[in-house]
Amino acid sequence: MTIFYFIIALGILVFIHEFGHFIVAKKSGVFVEEFSIGFGPKLFAKKWGETEYKLCLLPLGGYVKLHGENPEDEESVDKARAFSEKKLSTKAAVVIAGPVMNFLLCLFLMPIVFMLGRTVPAFFDAAPVVEQIRADSPAASVGLTKGDLITQIDGSKVSNWEEAINQIIVATGQKVNLTVDHKGETKEFTVPITNSPEGGYAGFEPNLFLGMAAIIGKVNANGPAAKAGIEVGDQILSLNGENIDDWIDLTEAIAKSKGEKVSLKLQRNNSIVNTEIQADYNEDLKRYLVGIEKQVQDIPSTVRKYGFLASLQKGGEEVVQLTSTTFNVFWRLISMQLSLKVLGGPIMIAQTTAAAAKLGLGHFLYFLAFMSLQLGIINLFPIPVLDGGHLFFYGIEAVIRRPVSRKIRMVMSQLGFAMLIALMLAVTFNDVQRVWGNVGSLLGRFF
Numbered sequence: 044m045t046i047f048y049f050i051i052a053l054g055i056l057v058f059i060h061e062f063g064h065f066i067v068a069k070k071s072g073v074f075v076e077e078f079s080i081g082f083g084p085k086l087f088a089k090k091w092g093e094t095e096y097k098l099c100l101l102p103l104g105g106y107v108k109l110h111g112e113n114p115e116d117e118e119s120v121d122k123a124r125a126f127s128e129k130k131l132s133t134k135a136a137v138v139i140a141g142p143v144m145n146f147l148l149c150l151f152l153m154p155i156v157f158m159l160g161r162t163v164p165a166f167f168d169a170a171p172v173v174e175q176i177r178a179d180s181p182a183a184s185v186g187l188t189k190g191d192l193i194t195q196i197d198g199s200k201v202s203n204w205e206e207a208i209n210q211i212i213v214a215t216g217q218k219v220n221l222t223v224d225h226k227g228e229t230k231e232f233t234v235p236i237t238n239s240p241e242g243g244y245a246g247f248e249p250n251l252f253l254g255m256a257a258i259i260g261k262v263n264a265n266g267p268a269a270k271a272g273i274e275v276g277d278q279i280l281s282l283n284g285e286n287i288d289d290w291i292d293l294t295e296a297i298a299k300s301k302g303e304k305v306s307l308k309l310q311r312n313n314s315i316v317n318t319e320i321q322a323d324y325n326e327d328l329k330r331y332l333v334g335i336e337k338q339v340q341d342i343p344s345t346v347r348k349y350g351f352l353a354s355l356q357k358g359g360e361e362v363v364q365l366t367s368t369t370f371n372v373f374w375r376l377i378s379m380q381l382s383l384k385v386l387g388g389p390i391m392i393a394q395t396t397a398a399a400a401k402l403g404l405g406h407f408l409y410f411l412a413f414m415s416l417q418l419g420i421i422n423l424f425p426i427p428v429l430d431g432g433h434l435f436f437y438g439i440e441a442v443i444r445r446p447v448s449r450k451i452r453m454v455m456s457q458l459g460f461a462m463l464i465a466l467m468l469a470v471t472f473n474d475v476q477r478v479w480g481n482v483g484s485l486l487g488r489f490f
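In the numbering used here, the protein residues as written are 44 to 490.
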């Protein structure tokens, strides 16, 4: 079913994008020779009017073939209906119509998502009270303490953890400025954001895992836990004589150990097991780890559902938020503040699509809206072979009053294509690593 959902989602996104090019070209008097969903050998083709509509084998994109788009390669061109003969503004309108349709699809779907309802973690609605400060983290270094209530982030008021998380995500610098209520006293902190290969890290968290018993779900075969004889299903009761009630207690205790050998008391079935363990220091995460993963437990959740008018407002706000986050992530990638490891390719997209579909229609439409927005933004990048690359050449043409030479366009297009292939290989490699389990979890599930 993963492939099925992936093809459906991608088919919708490609159709909407190419339909934008198609309809504006038609309205502008351009002869559209072909409208294709997919590449490669055609599975289905039908000529309707003057245009041939095709469904091809490889569902990784699509195209519309415009008459006279490359007049040098065509034997005869009807200048009255050739794309190359149209005004610069008309050509730009045809090109930009694809991304615009992706943005419109996102704007259309988001309010529907909020009307249908979507399941989110219950802590999203909770007041942004800091429940955990990781030892040796940036938050700990500036004096942020457990129980502090976050009231503002970078000057923007926050009333719950969802707003706080969103503000941190879109932070443009290497730090966030926090205003907190500390036992009735207002304090301000500047918390540096430490960049690891997996993303930013500040070291303070909500009570996401509070109350979850420290039961082992997985043991890293090469880690300290395996060497200490810890097994899946064991519950950690104490470390160096201190009670361990949940994963937060365990995380803090391991951090305090500073890599020294400590004693553990475990419950295995109906027996008590005592052992010793020594944590290893992870240079990437800047934390001490023992190579265990928490047992999967359901995080309390709630369903977000709104009326028509509220959904319109919430949908619009979500689109603005996602757009801001997207540009922030791209900036961090370009400025090398963020590793390419955070990106996913077709395998990850397919898996996420299937997971969203299984959670319900609201989640599937949210992911579809999100991907449509990404497709629209990426296509506007000034990279030859993308829509933004064509717009870039049209901009140059408007300035120099003549088209960019075919030779320059060909060379730039080849470079752009090579860049996209390199990026595709990189994100596909990331996907394979994730499937094989060689990439650590973003949430740091190994302790």
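We put the beta carbon where it would ideally sit given N, CA and C, even for glycine.
Checklist entry - Taking residue 331 as the reference, which of 322, 338, 337 has the closest Cα? => result Answer by Cα proximity: 322.
Item to check | Straight-line Cα distance separating residue 272 from residue 302 | outcome: The alpha-carbon atoms of residue 302 and residue 272 are separated by roughly 18 Å.
Checklist entry - So, helix, strand or coil for residue 85, using DSSP? => result Note: residue 85 maps to strand in three-state DSSP.
Checklist entry - So the alpha helix (DSSP H) residue 375 belongs to, where does it begin and stop? => result Looking at the DSSP string, the run of the alpha helix (DSSP H) that includes residue 375 is 351-377.
Checklist entry - Out of curiosity, what's the CA-to-CA distance linking residue 410 and residue 399? => result C-alpha separation (whole angstroms): 7 Å.
Item to check | Alpha carbon of residue 458 to alpha carbon of residue 429, nearest angstrom | outcome: About 12 Å.
Item to check | Per-residue burial, residue 315 [other beta carbons within 10 Å of its own, 16 or more giving buried] | outcome: The residue in question, residue 315, is exposed, as its Cβ has fewer than 16 Cβ neighbours within 10 Å.
Next on the checklist: Looking only at its chain, what residues have a beta carbon closer than 8 Å to the beta carbon of residue 262, apart from the 5 residues adjacent to it on each side?
Outcome noted: Close CB contacts of residue 262 within its chain, under the 8 Å cut and outside five residues either way in sequence, are with 268, 269, 273, 274, 275, 334, 335, 336 (chain order).
Item to check | Contacting residues, own chain, Cβ-Cβ under 6 Å from residue 126 (five flanking each side not counted) | outcome: 73, 109, 111, 112.
Checklist entry - Between the beta-carbon of residue 160 and the beta-carbon of residue 347, is there less than 8 Å? => result Result yes, Cβ atoms of residue 160 and residue 347 sit closer than 8 Å.
Checklist entry - Terminal residues of the continuous beta strand (DSSP E) containing residue 231? => result DSSP places residue 231 inside the beta strand (DSSP E), whose first and last residues are 228-235.
Checklist entry - Do residue 368 and residue 417 come within 8 Å of each other at the CB atom, strictly closer than that value? => result For residue 417 and residue 368, no; Cβs fall outside 8 Å.
Checklist entry - Do you know how far the Cα of residue 82 is from the Cα of residue 101? => result Between residue 101 and residue 82, the C-alpha separation is close to 5 Å.
Next on the checklist: So, under 8 Å CB-CB, residue 156 and residue 408 are touching, yes? Tell me the CB distance rounded to an integer number of Å.
Outcome noted: Between residue 408 and residue 156 the Cβ distance is about 5 Å, and since that is below 8 Å, they are a contact.
Next on the checklist: Among the candidates 406, 188, 449, 211, whose CA atom is the shortest distance from the CA of residue 152?
Outcome noted: The candidate whose alpha carbon is nearest that of residue 152 is 406.
Next on the checklist: For residue 258 and residue 433, I'd like the C-alpha separation in whole angstroms.
Outcome noted: Spanning the two alpha carbons is a distance of roughly 55 Å.
Checklist entry - What residue range is occupied by the uninterrupted alpha helix (DSSP H) comprising residue 438? => result Residues 430-443.
Next on the checklist: Under DSSP, the alpha helix (DSSP H) around residue 417 begins and ends at which residues?
Outcome noted: Its alpha helix (DSSP H) spans residues 404-422.
Checklist entry - Can you list, in chain order, the residues of its chain whose CB lies under 7 Å from that of residue 135, leaving out five sequence neighbours each side? => result Setting aside the 5 residues that flank it on each side, residue 135 is surrounded in the same chain by 434, 437, each with a C-beta closer than 7 Å to its C-beta; the list follows chain order.
Checklist entry - Are residue 154 and residue 358 close, meaning C-beta to C-beta below 8 Å? => result For residue 154 and residue 358, yes; Cβs fall inside 8 Å.
Checklist entry - Name the DSSP bridge partner or partners of residue 161? => result DSSP output for residue 161 lists 347 as bridge partner(s).
Next on the checklist: Taking the alpha carbon of residue 444 as the reference point, which residue from 191, 131, 88 has its own alpha carbon closest?
Outcome noted: Ranking the options by Cα distance to residue 444, first place goes to 131.
Next on the checklist: Assuming residue 234 and residue 201 are in contact, meaning their beta carbons sit under 8 Å apart, how far apart are those beta carbons, in whole angstroms?
Outcome noted: So it is not a contact: roughly 14 Å between Cβ atoms.
Item to check | Given residue 453 as reference, the closest of 467, 440, 427, 442 once Cα atoms are compared | outcome: It is 427 whose Cα lies nearest to the Cα of residue 453.
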